[in-house]
Amino acid sequence: MNASPPRFPPEFVFGVATAAYQVEGHIENDWSDWERAGRVKHVAGAGVDHWNRWNEDYRLTRDLGATAFRMSLEWARIEPQRGRFDEAALDGYRRRLVAMTEVGLRPVVTLHHFTHPTWFHRETPWHRPESVAAFRRYARACAEVLRGIDAVVLTFNEPMVLLLGGYVQGVIPPGIADPRLAMPALGNIGRAHAAAREELLTHAGKLPVGTSQNMLAFSADRAWNPMDHALVRLADEAYNHTFLEALVTGELRMFMPGLFTTRQTLEGARDSLDFVGVNYYTRAHLRFVRRPPYLEFHYRDPLGRGLTDIGWEMYPEGFTQVLLSTRRYGLPVWVTENGIDDRLGTRRSEFLWRHWASVLQARTAGIDVRGYLYWSLLDNFEWLEGWGPRFGLYHVDFATLERRATPACDYFRSVALDRELRPPREVAPPLRAPAPVAATG
């Protein structure tokens, strides 16, 4: 007899993820300044006009069988000048949240998704202690928006990505490229998380509060090289777990030779996570080199599956690994992002099938994974990659902004509604995306 297909329990949440700057359009913040300075390939401009089309986008989400919608509040809309709050923006976000709940979508709300008001880096940058008070003030305004809303809240999206991109490589705002300031900045982000959680619990009620942590699977680039294996162990702890550990223990301890070493007490941060948010996309292969920072990372395709169109390995085994690694926290887990750049729309259903199987594998092993949010509902502005990548379940014509369902929409709907994880009909391994972009490292 054939075994029954694995099933998701009725309470498991399927949803989608978005971020304000990537979809809303016409936002003035540090990223729009960065674009005007010519530091990126493209400009976000009107985005995909979610600011005006949110009702349509909620309907598209419900059509998928999804019951959760991740959005972010845009700090630059809410506090365009230091200490001055825009009531129209606050009211606009409140209306959207209420409407979301009315159509059967639970909001998953991010307070900080990479972007800042234009005044922030000049007046209260993350490496200075004043940044904590600035974020507390903003979080209090967000708490009023969320009052009475049954939401899941993420204070920060991918703080390690912000740190490495903004304070080490200098390729995203604030573009400092001074690793000496990186650890004070990370410590203050941890303190800001704790301060924001206090404001939310005081003014918005008992909402679950966490962060979304970008987690990578790491492998030694050369299986025979012990230094590559040592880097894998160090990178896994430093990149995937240091910040989360700090919000559990109240102590930020980082050791990554050639990059960072720190030990800080984060006041108020101990036991400040109600859940762990996991963003997972791929695996990085690490190689030891004899010059600072003593490592290189590469995206490889050792299993012959074909890199995704952005040049990343499709490696669902790593998804299982990072989910299992959250066992150390003893907390519920939300998959707050997982997705594929699939510009022809031919691989997304297989990607979902294999990664949902990883979620079920982790749940069987005892990890309390409560929900899965696909990145993203829509094709959108993908930061340094601009308008090239297409992660959306719905294809967006960037000229007309028309939304069109990709083939993966039917598959997403079938699993979200029926709860049975069967392989999609169109899977015919091995699938390869045509002409993937060159991987960077």
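First residue of the sequence shown: 400, per the working numbering; consecutive thereafter. Beta carbons are placed, not taken as given, at the ideal position from N, Cα and C, and that holds for glycine.
| Check | Outcome |
| --- | --- |
| Quick one: grab the DSSP three-state call for ASN613. | strand |
| With 16 other CB atoms within 10 Å as the buried threshold, where does GLY547 fall? | exposed |
| Once the 5 residues before and after ASN556 are set aside, which same chain residues still bring their CB inside 6 Å of it? | THR509, HIS512, SER611 |
| Restricting to Cα atoms, I'd like to know which of PRO715, GLY586, ALA619, GLY649 is closest to TYR679. | PRO715 |
| Helix, strand or coil for ASN428? Go by DSSP, reduced to three states. | coil |
| How would you write the range of the beta strand (DSSP E) that GLU736 sits in, first residue to last? | 732–736 |
| Between PHE659 and PRO528, how many whole angstroms is the CB-CB distance? I'm expecting something under 8 Å. | So it is not a contact: roughly 19 Å between Cβ atoms. |
| Compute the Euclidean distance between the alpha carbons of GLY717 and GLN480, then round it to the nearest angstrom. | 42 Å |
| In the DSSP assignment, the alpha helix (DSSP H) including ASN844 goes from what residue to what residue? | The requested residue 844 is not part of the displayed model; the chain covers only 400 to 840. |
| With a threshold of 7 Å on Cβ separation, who are the neighbours of HIS441 within its own chain once the five nearest residues in sequence on each side are excluded? | GLY785, TRP786 |
| Under a three-way DSSP split, which group does TYR771 fall into? | strand |
| Which of the three DSSP states, helix, strand or coil, is assigned to GLY564? | helix |
| CA-CA distance, LEU854 and GLU712? | Given a span of 400 to 840 for the chain in the structure shown, any question on residue 854 remains unanswerable. |
| Under a Cβ-count criterion, where at least 16 other Cβ atoms within 10 Å of its own Cβ denotes burial, should PHE362 be classed as buried or exposed? | Outside the shown range of the chain (400 to 840) lies residue 362, about which nothing can therefore be said. |
| Straight-line CA distance for ASN613 to SER403? | 33 Å |
| Which one or two residues does DSSP pair with HIS526 in a beta bridge? | Partner(s): none; HIS526 has no beta bridge. |
| Identify whether MET713 lies in helix, strand or coil by the three-state DSSP scheme. | coil |
| Would you list the one or two residues that DSSP bridges to LEU651? | GLN663 |
| If we call anything under 8 Å between Cβ atoms a contact, is GLY446 one with LEU772? | no |
| When we look at the beta-carbon of GLU781 and count the other beta-carbons within 10 Å, is it buried (16 or more) or exposed? | buried |
| Cutting at 8 Å between CB atoms, please list the residues of its own chain near ALA498, excluding the five before and the five after it. | TRP453, ASN454, TYR457 |
| In the structure shown, what three-state DSSP assignment does PRO409 receive? | coil |
| Do you know how far the Cα of ASP817 is from the Cα of PHE519? | 47 Å |
| Tell me, to the nearest whole angstrom, how far the beta carbon of GLY424 is from that of TRP450; I am working on the premise that it is less than 8 Å. | 6 Å |
| Let me know if PRO572 comes out buried or exposed under the rule of 16 or more other beta-carbons within 10 Å of its beta-carbon. | buried |
| Could you have a look at THR799 and say whether DSSP puts it in helix, strand or coil? | coil |
| Can you name the residues that DSSP bridges to VAL552? | VAL508, VAL608 |
| Rounded to the nearest angstrom, what separates ASP796 and ALA488 at their Cα positions? | 27 Å |
| Specify the secondary structure class of HIS640 as computed by DSSP and reduced to three states. | helix |
| Which same chain residues, not among the five before or five after GLU736, have their C-beta less than 6 Å away from its C-beta? | ALA416, ASN678, TRP774 |
| Between the alpha carbons of ALA834 and MET626, how many angstroms are there, rounded? | Bear in mind that the predicted position of ALA834 carries a pLDDT of just 33, short of 50, making it too unreliable to give a figure here. |
| Per DSSP, what kind of secondary structure is ARG824 in: helix, strand or coil? | coil |
| Can you tell me which of the three DSSP states PHE790 falls into? | coil |
| Spatial neighbours of ARG596 within its chain, please: C-beta separation below 7 Å, excluding the five flanking residues on both sides. | THR554, VAL608, SER671 |
| Hey, out of VAL544, ARG821, GLY565, whose CA is closest to THR843's CA? | This structure cannot speak to residue 843, because the chain is shown only from 400 to 840. |
| Measuring only the C-alpha atoms, how far is MET655 from THR681? | 21 Å |
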